[in-house]
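Chains as they are written, first to last, in this note's numbering: chain H, 1 to 246; chain L, 1001 to 1492. Where is the CB? At the ideal position from N, CA and C, for every residue including glycine. All values reported here derive from a predicted model rather than from experimental measurement. Okay, so here's the structure we're looking at.
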């Protein structure tokens, strides 16, 4: 089975060309033809190879989440969109293990224009060294916020860039994605709404666990889109360690 | 000060013109009854040799009024005065409550020591009056630094041109002018020593034994028998460069090559003096308008041209000039010592994961952010040992950040990541709480009562709650007056 990896970044004309090339040149069994096609176009690969993609991600700290992410973890670089319809869904708690590992590497975390006041005792409780936290203030204009995101991703000392922007055009997202890949940095964009055509390679939605609303700790995470994934997956798990859950 | 001696015009002493004088002191034409002959004697027999070894003449300015001030004030005043003394001499050195400048080399230029003295007086007296430190100072000139200082301290305002006369001139002085400890002073007194001359009559070995070699050394320095290292005044560096453009420029990016040129000059200047800079001011000059000024502050002092250029470019992106630019000026506001960085012997992978990444890139990044967003855009946070949740976090400007050793102790109970600027009141309908949707309490209460001493008492019961849509909330109920419910934060 061959599937299209990323329809947005690669124009479709390319694929059509690949098909016609192979159709003209190749003789032999369909299987060799397919192999040839897969070789000639890097945007095509076998879906059954999914499992063999290895463990190249950064462990999220939640086993259930690792299972549904390609590469079994957060990507090492690039743009991740986390969609939480309301504040307080546990979207930051989801990233706490990642933040801990970033801090441990001696890198900084840049918070670009967070929507509320960041509560330092909460971070200390979560085991994050607040000395390596840097905040770009709340009412920064969008243009400046994006500029500082891009600059931060180009700096090797920033290990993680967090931003809160709801409506960004695809062009801007693409640019951020490129900056993140070039700077080998992970950027997380928190949104209230999902936009179907977003080019970010990984989009997650976090919501309250449907089964029990009175349980403080449980959350449900759905992978809306992941490069290298071919169907939405979701997992339910507990965000807080036992000792902390109320 | 009268000038009896004409060797001022002929600084080189020859055997014939050695009728030199001590002003306001009895003249001494020959060397005193010495155990050693004057060190200059052989030199003077050979004119060529003595010409090559020019004696210097040191002019000492002694300010007894400084003794009442603190040490730092003294240094400050002396530095200021040294700047003035630089008008007559290239070498100005610092001493306790005194300055000494070399004036032999400037005698011919100023036309005699009288002119030098009156020039110094006209410069220094107003400066002293400004600081209400009286209007006089003591002075003396002689061929040795310590000799001049001693003569000045004695208040004789003497001038000694030749080294060989120095000994007798100093001999007349009371031992009180020597910088001695109380015990040494007492001992000298009980030995019957009143004048410096009396000391010279004593055997050197015994002096060494009784008063230590420092004492003997300082005396032999005064007569020019041992070298006198001094701490000289080095004027603080100044850099300002300007450039007049041939035509008016409106697009600021066209200025960058010119700025680059100035920055090259700046870099060379800094390298020569082994300095770096942490504050610059770039002014753009307009016709018939006041200039546009950009202040460039750096987190870490640098002399890197490309970094400075990048910062200026970032500033330009935000800047709108009111009129075309006709000239540029760059001025350094603060100089810093240059600290070079050494590279690690091993590359990062070899050191391992625990290593800290070099902070230079980070600082450059911060500076860029500052340049674009303004100084108060970057914040860092800090915990404060405080029960009241809104005061437990401190947001500081990144520049004011202090290196805090240990973070303050924080609450044991779970705290939310987000706090609202001000708590939002919740509505209570039919016994149920509502924000956007109905709220269920999950745990609590956690009682916080504090600040009763300040008049703004805080008495709250905090609960962890969950809204119908799944939001985790941190809410509290006032325990005062109306007992209202408020939303205070989100467990994001």
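Runs of 3 residues minimum, wholly inside the region 53-98 of chain H: which ones carry the beta strand (DSSP E) assignment?
78-83
So, helix, strand or coil for residue 1388/L, using DSSP?
What you label residue 1388/L is simply residue 388 of the second chain in a count that begins at 1. DSSP places residue 1388/L in coil when its eight states are reduced to three.
Proximal residues to residue 1046/L (C-beta, below 6 Å), its chain only, five neighbours per side dropped:
Within the second chain, residue 1046/L is the residue found at index 46, counting from 1. Because the pLDDT at residue 1046/L is just 45, under 50, the model does not fix this residue reliably, and the value given afterwards should be weighed accordingly. Taken in chain order, the list of residues that qualify is empty.
DSSP three-state label for residue 1072/L, please.
As a position in the second chain, residue 1072/L is number 72, starting the count at 1. Three-state result, residue 1072/L: helix.
Does DSSP put residue 148/H in a helix, in a strand, or in coil?
The sequence position of residue 148/H within the first chain is 148, counting from 1. If DSSP states are grouped into helix, strand and coil, residue 148/H belongs with the helices.
Near-chain H residues of the region 1360-1373 of chain L (beta-carbon distance less than 7 Å), N- to C-terminal order
1361, 1362, 1365, 1368, 1369, 1372, 1373
How would you label residue 241/H, buried or exposed, when you count the other beta carbons within 10 angstroms and need 16 or more for buried?
As a first step, residue 241/H is located in the first chain; it is residue number 241 there, counting from the start. Counting Cβ neighbours within 10 Å, residue 241/H comes out exposed, since fewer than 16 surround it.
With a 10 Å radius around its C-beta and 16 neighbouring C-beta atoms as the bar for buried, classify residue 1096/L as buried or exposed.
By one-based count along the second chain, residue 1096/L stands at place 96. The residue in question, residue 1096/L, is exposed, as its Cβ has fewer than 16 Cβ neighbours within 10 Å.
Same chain, Cβ closer than 8 Å to residue 1432/L, five either side skipped, listed in chain order
Indexing the second chain from 1 puts residue 1432/L at position 432. 1438, 1439, listed in sequence order.
On the DSSP bridge list, what partners appear for residue 108/H?
Mapped onto the first chain, residue 108/H falls at position 108. Paired residues: 158/H.
Distance between residue 1241/L and residue 1165/L (C-alpha atoms, nearest Å)
Residue mapping note: residue 1165/L aligns to position 165 of the second chain, counting from 1. Residue mapping note: residue 1241/L aligns to position 241 of the second chain, counting from 1. About 50 Å.
Look at the alpha carbon of residue 119/H and the alpha carbon of residue 1372/L, and state the distance between them as a whole number of angstroms.
To locate residue 119/H, count along the first chain from 1; it is residue 119. To locate residue 1372/L, count along the second chain from 1; it is residue 372. Answer to the nearest angstrom: the Cα atoms are 26 Å apart.
If we require 4 or more residues per run, which alpha helix (DSSP H) segments fall completely within the region 1235-1303 of chain L?
1256-1273
Have a look at 1295/L, 1170/L, 1076/L and flag the residue whose alpha-carbon is nearest the alpha-carbon of residue 1235/L.
In the second chain, residue 1235/L corresponds to position 235, counting from 1. Checked all of 1295/L, 1170/L, 1076/L; the closest Cα to residue 1235/L is 1076/L.
Looking at the unbroken alpha helix (DSSP H) that takes in residue 1418/L, where does it start and where does it end?
Residue mapping note: residue 1418/L aligns to position 418 of the second chain, counting from 1. Not the alpha helix (DSSP H): residue 1418/L falls in the beta strand (DSSP E), residues 1418-1425.
When DSSP labels each residue in this structure, what does residue 1032/L get in the three-state scheme?
As a first step, residue 1032/L must be located in the second chain, where it is residue number 32. The predicted model places residue 1032/L with a pLDDT of 37, which falls under 50 and marks its position as unreliable; any figure quoted below should be read in that light. In this structure, residue 1032/L counts as coil in the three-state DSSP scheme.
Quick check on DSSP: helix, strand or coil for residue 201/H?
On the first chain, position 201 is the one that residue 201/H refers to. Reduced to three states, the DSSP call for residue 201/H is coil.
Using a Cβ cut-off of 8 Å (strictly closer), state whether residue 194/H contacts chain L.
Along the first chain, read from residue 1 onward, the residue named residue 194/H stands at position 194. Closer than 8 Å: no.
Could you give the distance in angstroms between the alpha-carbon of residue 1029/L and the alpha-carbon of residue 1168/L?
Here the question's residue 1029/L lines up with position 29 in the second chain. Here the question's residue 1168/L lines up with position 168 in the second chain. In this predicted model, residue 1029/L has a pLDDT of only 37, less than 50, meaning its place in the structure is not dependable; the value taken from the coordinates is given anyway. The straight-line gap from Cα to Cα measures roughly 9 Å.
For residue 226/H and residue 201/H, what's the separation of their Cα atoms in angstroms?
Position 226 of the first chain holds residue 226/H. Position 201 of the first chain holds residue 201/H. The alpha-carbon atoms of residue 226/H and residue 201/H are separated by roughly 6 Å.
Look at the alpha carbon of residue 1459/L and the alpha carbon of residue 1479/L, and state the distance between them as a whole number of angstroms.
In the second chain, residue 1459/L corresponds to position 459, counting from 1. In the second chain, residue 1479/L corresponds to position 479, counting from 1. So the two alpha carbons sit approximately 5 Å from each other.
Go ahead and pull the three-state DSSP assignment for residue 1051/L.
Here residue 1051/L refers to the residue found at position 51 when the second chain is read from its first residue. Reliability of the predicted coordinates at residue 1051/L is poor, the pLDDT of 44 falling under 50, and the value obtained from them is presented with this limitation in mind. Here residue 1051/L sits in helix by DSSP.
Can you tell me where the alpha helix (DSSP H) with residue 225/H in it begins and where it stops?
Mapped onto the first chain, residue 225/H falls at position 225. Taken as a continuous stretch (DSSP letters only), residue 225/H belongs to no alpha helix (DSSP H), being part of the beta strand (DSSP E) at 218-226.
Partners in chain H for residue 1316/L, counting only beta-carbon separations shorter than 9 Å:
On the second chain, residue 1316/L is found 316 positions in, with the first residue counted as 1. Simply none; closest approach about 14 Å.
Compare the beta carbon distance of residue 108/H and residue 135/H with 8 Å and say whether it is the shorter of the two.
For this step, residue 108/H is matched to residue 108 along the first chain. For this step, residue 135/H is matched to residue 135 along the first chain. No.
Sequence-distant residues of its chain with Cβ nearer than 8 Å to residue 1384/L (five each side left out):
As a working note, residue 1384/L is residue 384 in the second chain. Within the same chain, residue 1384/L has close Cβ partners 1391, 1392, 1393, 1394, 1408.
Delimiting residues of the alpha helix (DSSP H) encompassing residue 1445/L
Mapped onto the second chain, residue 1445/L falls at position 445. First-last for residue 1445/L: 1438-1450, but that is the beta strand (DSSP E), not the alpha helix (DSSP H).
Quick check on this structure: which residue in 1060/L, 1157/L, 1086/L, 1201/L has the alpha carbon closest to the alpha carbon of residue 1149/L?
If you number the second chain from 1, residue 1149/L lands on position 149. Looking at the Cα atoms, 1060/L is the closest of the given residues.
Residues, ordered as in the chain, of the region 1414-1437 of chain L that lie near chain A by beta-carbon distance below 8 Å
The structure shown contains no chain A; its protein chains are H and L.
In or out: residue 1254/L buried (at least 16 other Cβ within 10 Å) or exposed?
To locate residue 1254/L, count along the second chain from 1; it is residue 254. Per the 10 Å Cβ criterion, exposed.
At what residues does the beta strand (DSSP E) containing residue 324/H begin and finish?
In the structure displayed, chain H extends from 1 to 246; residue 324/H sits before or after that span and is not available.
Measure the C-alpha to C-alpha separation of residue 113/H and residue 164/H and round it to an integer number of angstroms.
Taking the first chain and counting its residues from 1, the one referred to as residue 113/H is at position 113. Taking the first chain and counting its residues from 1, the one referred to as residue 164/H is at position 164. C-alpha separation (whole angstroms): 7 Å.
Under 8 Å (Cβ pairs) to chain H, residues found in the region 1460-1488 of chain L
1464, 1466, 1467, 1468, 1469, 1470, 1471, 1472, 1473
Taking DSSP as the reference, what is the three-state secondary structure of residue 136/H?
Here the question's residue 136/H lines up with position 136 in the first chain. DSSP places residue 136/H in strand when its eight states are reduced to three.
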